[in-house]
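Engineer:
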Amino acid sequence: MLELRLVQGSLLKKVIEAIKDLVTDANFDCSATGLSLQAMDSSHVALVALLLRSEGFEHYRCDRNISMGMNLNNMSKMLKCAGNDDIITIKGDDGGDTITFMFESPNQDKISDFEMKLMDIDSEHLGIPEAEYHAIVKMPSSEFSRICKDLSSIGDTVVISVTKEGVKFTTRGDIGTANIVCRQNKTIDKPDEATIIEMNEPVSLTFALRYLNSFTKATSLSESVTISLSSDLPVVIEYKIADMGYIRFYLAPKIED
Amino acid sequence: GPKQSTITKFFGKV
């Protein structure tokens with residue numbers, strides 16, 4: 050028996066919109082800890098890891114660990130039927146082949162339920178090692194989104210470099226080149242607008258902008274984004290989900306032969 | 756130019 054009641058249902062809507070273009074089908078793993086998901090895109094270049102902790106739900110009942118295979122496009126179709134202010138409850142039975150989404154309007158005058166078919170998904174679970182990153186950049190999520198969008202009109206790849214000067218985003222294309230440097234900017238009264246750069250050593254990595262632009266679909270989930278870089282690891286782009294958990298996108302770098 | 760690597764080059768199956 051599974052019953053998860055999320056008062057801020059819009060969070061689930063946003064989460065699915067943020068990952069559905071990257072991942073087609075995924076297993077949602079439900080345990081006492083919370084609802085989690087780990088999935089790669091079809092070309093295995095990017096990986097998304099989601100955690101919604103049990104404490105973030107108003108009611109959380111998960112009698113035993115359960116893995117539910119869902120088509121994210123179908124899930125999106127159903128969740129789009131929920132209002133932004135609706136409370137969403139996810140209900141399932143052990144061993145059942147469907148899941149039910151119940152939507153309640155804030156004043157309880159409209160209650161809907163949508164039953165969705167589950168699917169069997171053969172997915173590999175990858176071990177993500179704890180890592181010491183060379184540099185961690187925290188910046189406004191809207192700024193990061195703007196940079197990725199702007200640069201993708203000029204080039205296909207971006208070099209992200211962190212030095213003492215700041216974080217630099219560089220691209221090159223047929224029409225020319227572009228460099229955007231963001232310096233550390235600790236705005237005390239507006240911490241969400243701060244850019245904070247922690248650097249253990251300088252690092253420079255190349256990534257496909259197409260994927261970074263896809264990750265920025267999570268922008269509305271969090272005012273800030275954290276970019277963790279190490280020269281020998283995929284970059285981690287993390288959006289925290291208020292009081293509940295996170296979406297982390299891992300992107301494998303482009304490497305010289 | 757640089758070649759795209761994959762996640763599985765860095766993270767192993769559990």
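Protein chains in written order, with my numbering: chain A, 50 to 306; chain B, 756 to 769. C-beta atoms are modelled at their ideal positions from N, C-alpha and C, and glycine is treated no differently.
Buried or exposed, going by whether 16 or more other CB atoms sit within 10 Å of the CB of residue 57(A)?
Structural biologist: By 1-based counting over the first sequence, the position of residue 57(A) is 8. So residue 57(A) ends up on the buried side.
Engineer: Since I believe residue 76(A) is in contact with residue 139(A) (beta carbons under 8 Å), could you give me their beta-carbon distance rounded to a whole number of angstroms?
Structural biologist: On the first sequence, position 90 is the one that residue 139(A) refers to. On the first sequence, position 27 is the one that residue 76(A) refers to. Approximately 14 Å separates the beta-carbon atoms of residue 139(A) and residue 76(A); this is outside 8 Å, ruling out the contact.
Engineer: At which residues does the alpha helix (DSSP H) containing residue 123(A) begin and terminate?
Structural biologist: For the purposes of this step, residue 123(A) is taken as residue 74 along the first sequence, with counting starting at 1. That run of the alpha helix (DSSP H) goes 121-128.
Engineer: Could you pull the start and end residues of the alpha helix (DSSP H) that residue 64(A) belongs to?
Structural biologist: Here residue 64(A) refers to the residue found at position 15 of the first sequence. First-last of the alpha helix (DSSP H) with residue 64(A): 59-68.
Engineer: According to DSSP, which residues form a beta bridge with residue 163(A)?
Structural biologist: By one-based count along the first sequence, residue 163(A) stands at place 114. For residue 163(A), the pairing in a beta bridge is given by DSSP as 150(A).
Engineer: Where do the ends of the alpha helix (DSSP H) carrying residue 192(A) lie?
Structural biologist: In the first sequence, the residue the question calls residue 192(A) occupies position 143. Per DSSP, residue 192(A) belongs to the alpha helix (DSSP H) from 190-201.
Engineer: Residue 236(A) CB to nearest chain B CB: under 8 Å?
Structural biologist: Locating residue 236(A) in the first sequence gives position 187, counting from the first residue. No, residue 236(A) does not count as interfacial toward chain B.
Engineer: Hey, out of 269(A), 272(A), 294(A), 259(A), whose CA is closest to residue 92(A)'s CA?
Structural biologist: As a working mapping, residue 92(A) is identified with position 43 in the first sequence. Residue 92(A) has its Cα closest to that of 259(A), out of 269(A), 272(A), 294(A), 259(A).
Engineer: Quick check on residue 282(A) - is its C-beta less than 8 Å from some C-beta in chain B?
Structural biologist: On the first sequence, residue 282(A) is found 233 positions in, with the first residue counted as 1. With 8 Å as the cut-off, residue 282(A) counts as an interface residue toward chain B.
Engineer: Of the residues 304(A), 221(A), 215(A), 305(A), which one's Cα is nearest the Cα of residue 276(A)?
Structural biologist: Looking up residue 276(A) in the first sequence gives position 227. The shortest Cα separation from residue 276(A) among 304(A), 221(A), 215(A), 305(A) belongs to 215(A).
Engineer: Suppose the cutoff is 6 Å on Cβ atoms and the five residues either side in sequence are ignored; what does the same chain contact list for residue 269(A) look like?
Structural biologist: Counting from one through the first sequence, the residue named residue 269(A) turns up at place 220. Correct list, in chain order: 63.
Engineer: Any beta carbon of chain B sitting closer than 8 Å to that of residue 71(A)?
Structural biologist: Counting from 1 along the first sequence, the entry for residue 71(A) is found at position 22. Not one chain B Cβ lies under 8 Å of residue 71(A).
Engineer: For residue 76(A), write down the residues that DSSP places opposite it in a beta bridge.
Structural biologist: Here residue 76(A) is taken as the residue at index 27 of the first sequence, counted from 1. Partner(s): 118(A).
Engineer: Considering only residues of the same chain and omitting the five flanking positions on each side of residue 224(A), which have a CB-CB separation below 7 Å?
Structural biologist: As a working mapping, residue 224(A) is identified with position 175 in the first sequence. 203.
Engineer: Taking residue 228(A) as part of the beta strand (DSSP E), name the residues at either end of that continuous run.
Structural biologist: Start at 1 with the first residue of the first sequence, and residue 228(A) comes out as number 179. Counting along the chain, the beta strand (DSSP E) containing residue 228(A) begins and ends at 225-231.
Engineer: With a Cβ-Cβ cutoff of 8 Å, do residue 100(A) and residue 294(A) count as a contact?
Structural biologist: Counting from one through the first sequence, the residue named residue 100(A) turns up at place 51. Counting from one through the first sequence, the residue named residue 294(A) turns up at place 245. Against a cut-off of 8 Å, the Cβ pair of residue 294(A) and residue 100(A) comes out as a contact.
Engineer: Would a C-beta distance cut-off of 8 Å place residue 299(A) and residue 271(A) closer than the cut-off?
Structural biologist: Within the first sequence, residue 299(A) is the residue found at index 250, counting from 1. Within the first sequence, residue 271(A) is the residue found at index 222, counting from 1. No, the pair does not count as a contact, with Cβ atoms beyond the cut-off.
Engineer: DSSP state of residue 758(B), grouped into three classes?
Structural biologist: Mapped onto the second sequence, residue 758(B) falls at position 3. Note: residue 758(B) maps to strand in three-state DSSP.
Engineer: Helix, strand or coil for residue 259(A), going by three-state DSSP, please let me know.
Structural biologist: Stepping through the first sequence from its first residue, residue 259(A) is reached at position 210. Note: residue 259(A) maps to helix in three-state DSSP.
Engineer: Residue 216(A) lies in the beta strand (DSSP E); which residues open and close that run?
Structural biologist: Position 167 of the first sequence holds residue 216(A). Note, residue 216(A): beta strand (DSSP E), 215-222.
Engineer: Measuring straight from C-alpha to C-alpha, what distance separates residue 125(A) and residue 152(A)?
Structural biologist: Sequence index remark: in the first sequence, residue 125(A) carries index 76 (1-based). Sequence index remark: in the first sequence, residue 152(A) carries index 103 (1-based). Whole-angstrom Cα-Cα distance: 14 Å.
Engineer: Where does the unbroken beta strand (DSSP E) through residue 182(A) begin, and where does it stop?
Structural biologist: Residue 182(A) sits at position 133 when you count from the first residue of the first sequence. Neither: residue 182(A) is in no beta strand (DSSP E) and is coded neither H nor E.
Engineer: Using a cut-off of 7 Å between C-beta atoms, extract the partners of residue 302(A) located in chain B.
Structural biologist: Position 253 of the first sequence, counted from the start, is the residue given in the question as residue 302(A). Those within 7 Å of residue 302(A) in chain B are 760.
Engineer: Please go through the same chain and pick out, in chain order, the residues whose beta-carbon is closer than 8 Å to the beta-carbon of residue 113(A), but skip the five residues on each side of it.
Structural biologist: Translated into the one-based positions of the first sequence, residue 113(A) becomes position 64. If we look at residue 113(A) and ignore the five residues flanking it on each side, its Cβ neighbours are 143.
Engineer: So, does the stretch 154-162 of chain A touch the stretch 125-135 of chain A, judging by three or more C-beta pairs under 8 Å?
Structural biologist: yes
Engineer: Tell me, please, whether the CB atom of residue 179(A) is closer than 8 Å to any CB atom in chain B?
Structural biologist: Position 130 of the first sequence, counting from 1, holds the residue named residue 179(A). Not one chain B Cβ lies under 8 Å of residue 179(A).
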